[in-house]
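So the structure is just underneath, and the comments pick up after that.
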Amino acid sequence: MTRDRIYLFDTTLRDGQQTPGIDFSVEDKIAIAGMLDAFGIDYVEGGYPGANPTDTAFFAKKRTTTSSFVAFGMTKRAGVSASNDPGLAELLQARADAICFVAKSWDYHVRVALGCTNEENIDAIRASVEAAKAADREPLVDCEHFFDGYKANPGYALACARAAYDSGARWVVLCDTNGGTQPGEIREVVAAVIASGIPGDHLGIHAHDDTGQAVANSLAAVEAGVRQVQGTLNGIGERCGNANLVTIIPTLVLKPAFASRFETAISPEGLEGLTRLSRAFDELLNRAPNAQAPYVGASAFATKAGIHASAILKEPQTYEHVPPQTVGNARKVMVSDQGGKSNFITELQRRGIAVDKADPRLDTLISRVKEREAEGYAYEGADASFELLARRTLGRVPEFFKVDSFRCMVERRFDANGELKTVSEAIVKLTVDGEEKMSVAEGHGPVNALDLALRKDLGKFQAEIEDLELVDYKVRILNGGTEAITRVLIESRDAAGARWWTVGVSDNIIDASFQALLDSIVYKLVKAGGEARVAAP
Ligand SMILES: [Zn+2]
């Protein structure tokens, strides 16, 4: 039996940008588009070229290789021709494969927001779709507030959708813009649209999560016949968010009710990258992943097993709705130390560290990691610090240098011109090869000053850290109040392109930063010396 193709349309970079507290830079957008492209999403909507400098810069180049790169914008204004509309001109110039026009489909909005006649709005849809086609772009039309518009005036809502389809839109997307529609209503309205003459393989669904049913609404629309689903990574979006593609995709791929009838661009192997995709996106947003997220959350396959523990390990399918590895997640069962131990051995093997199961130092490492995680260290996000802790506990990291002390000063004062200035200065004293060294540096803020002072003179190791560069610095406060614990994560890279994360935890932000900086340098020295160095006693 041939299965119908469902097309996946991501709007993280456009609608997701409306999320309170989220503001993507061009660099962020390039990174996210790359992640979506590599994962295999059919359409990546990048933003609104012409509306702001970030999106205009982002659309100066095509940012995907396999995904269709989509620009979003308004249909032409009433009263001007398509060729004389500057907004439309910007859209047509964007380096996009497709253009998604947002169009009014509720007569009330046409009157109140656009201030034009119903006919002028339909004419604008038609002219915009034709202009996109003439510019060799695939046209899509998002029918804004379609479901509410349909309830208020079904004839007009359908006429808008028909105008889009008849003039050549590849997709007519039905939007539940305020997110209040129920799954049963979605099903009925989609059926009515198809009955009016627009085939399902030209229809899309764009749902918002205001009643917690954006995923259910999207799936109801698929069951009713639409073949394109729009959503965002981890369900970000304004108010309560958009439909969460990270939940929809595995449901379409793994659940027999959908998988037997439909196929997507995501292969079973590709789906194994889902958890990584979701967490990498949170990492980029500098926010903690939702542990209870369906499929990909850290708790999605975690069971406080008690007496069921061994049964879960023997017959996981009786306790899990899908195998965790199908989405790249992992089963977590708190059983015995034995179970914990084999996880650790696997983790260490992955890093090229061989250790015997009976080695007592392995038990020490496990309890150290548990203790430190209880204090706030997060080794999941700091591979390099975990590896160092493991190598140190197993006795395989030489002491390259010793930090005797550091001091850090921040001064705010008026300079000679009477301008207020904040100056940061750091002094680091360390011993390398029995030789005491003292370095002083000024920096942009205390952490930068410390970093510069620490790396100024490492004696014989200096050449090995010359190409080390800090690329990211993240701070998270772990519990509220003035006695909060601070966790600092630092990302570093070197000239060869290697990247690593280190972590520091303290009730003092400078101290936490210093720990993470120190780990980053030591990790670089361990790697630079190869196995010979770390194997030394
Ligand atoms: Zn939306």
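Residue 77 in our numbering is what sits at position 65 of the sequence shown, and the numbering runs on without skipping anything.
All C-beta atoms, glycine included, are put in the ideal place defined by N, C-alpha and C.
Cβ neighbours of residue i in the same chain (closer than 8 Å, five flanking residues each side left out)
{"i": "R174", "result": "S208, G209 and I210"}
{"i": "N520", "result": "T498"}
{"i": "E495", "result": "D519"}
{"i": "R403", "result": "I365, V409, V538 and V546"}
{"i": "E284", "result": "Q337, T338, V339 and G340"}
{"i": "D523", "result": "G516"}
Simplified DSSP state of residue i, which is helix, strand or coil
{"i": "F70", "result": "helix"}
{"i": "D135", "result": "helix"}
{"i": "Q242", "result": "strand"}
{"i": "L231", "result": "helix"}
{"i": "T7", "result": "Outside the displayed span of the chain (13 to 549) sits residue 7, for which this structure offers no information."}
{"i": "F81", "result": "strand"}
{"i": "F274", "result": "strand"}
{"i": "Q350", "result": "Annotation note: pLDDT 49 at Q350 (below 50); position unreliable, no value reported."}
{"i": "K486", "result": "strand"}
{"i": "E332", "result": "coil"}
{"i": "S117", "result": "coil"}
{"i": "A175", "result": "helix"}
{"i": "Y307", "result": "coil"}
{"i": "A226", "result": "helix"}
{"i": "A317", "result": "Low per-residue confidence applies at A317: pLDDT is 46, beneath 50, and the placement is therefore not dependable, though the value from the model is reported in the following sentence. Coil."}
{"i": "I18", "result": "coil"}
{"i": "N64", "result": "strand"}
{"i": "E39", "result": "helix"}
{"i": "V124", "result": "helix"}
{"i": "E327", "result": "coil"}
{"i": "K414", "result": "strand"}
{"i": "E250", "result": "coil"}
{"i": "I111", "result": "strand"}
{"i": "S532", "result": "helix"}
{"i": "L25", "result": "coil"}
{"i": "S504", "result": "strand"}
{"i": "L9", "result": "Nothing can be reported for residue 9: it is not among the residues displayed for the chain, which extend from 13 to 549."}
{"i": "P549", "result": "With a pLDDT of 40 at P549, under the threshold of 50, the predicted position of this residue should be treated as unreliable, and no value is reported."}
{"i": "V422", "result": "strand"}
Beta-carbon proximity list for residue i, same chain, < 7 Å, skipping 5 on both sides
{"i": "D49", "result": "V56, T76, T77, T78 and S79"}
{"i": "G457", "result": "S436"}
{"i": "T68", "result": "P61 and G62"}
{"i": "S348", "result": "Any reading at S348 must be qualified, since the residue scores a pLDDT of 40, below 50, and its modelled position is unreliable; the value itself is stated next. Cβ neighbours of S348 beyond the five flanking positions: none."}
{"i": "T263", "result": "L231 and F270"}
{"i": "R15", "result": "R273, F274 and E275"}
Residue interval of the alpha helix (DSSP H) (run including residue i)
{"i": "E281", "result": "P280 to L283"}
{"i": "T405", "result": "D395 to T405"}
{"i": "K163", "result": "F158 to A164"}
{"i": "V258", "result": "L257 to L266"}
{"i": "G196", "result": "P195 to A207"}
{"i": "G99", "result": "P98 to Q105"}
{"i": "F293", "result": "L286 to L297"}
{"i": "G237", "result": "Counting along the chain, G237 falls outside any alpha helix (DSSP H), and DSSP gives it neither H nor E."}
{"i": "D463", "result": "P458 to L466"}
{"i": "E476", "result": "Q474 to I477"}
For residue i, the first and last residue of its enclosing beta strand (DSSP E)
{"i": "S518", "result": "R511 to S518"}
{"i": "S436", "result": "L432 to V444"}
{"i": "L215", "result": "L215 to A219"}
{"i": "D188", "result": "W183 to D188"}
{"i": "K449", "result": "E447 to G455"}
{"i": "G59", "result": "Y55 to G59"}
Cut-off 6 Å between Cβ atoms - residues of its own chain near residue i, not counting five sequence neighbours on either side
{"i": "D531", "result": "S397, L400 and T514"}
{"i": "T87", "result": "F113, A115, A136, I137 and S140"}
{"i": "A255", "result": "A219, A226, V227, S230 and G243"}
{"i": "G161", "result": "S117, W118 and A169"}
{"i": "A310", "result": "A303"}
{"i": "N165", "result": "D119"}
{"i": "L374", "result": "V367"}
{"i": "A528", "result": "V500, I502, T514, V515 and G516"}
{"i": "T434", "result": "R424"}
{"i": "G455", "result": "S436, A461 and L464"}
{"i": "Q350", "result": "Any answer about Q350 is weak, because its pLDDT of 49 lies below 50 and its placement is not dependable; what the coordinates show is given next. Result list for Q350: empty, nothing under 6 Å."}
{"i": "E102", "result": "P61 and G62"}
{"i": "Q240", "result": "Y19, F21, W183 and G216"}
Ordered list of alpha helix (DSSP H) runs contained in the region 360-393, each at least 4 residues: 372-387
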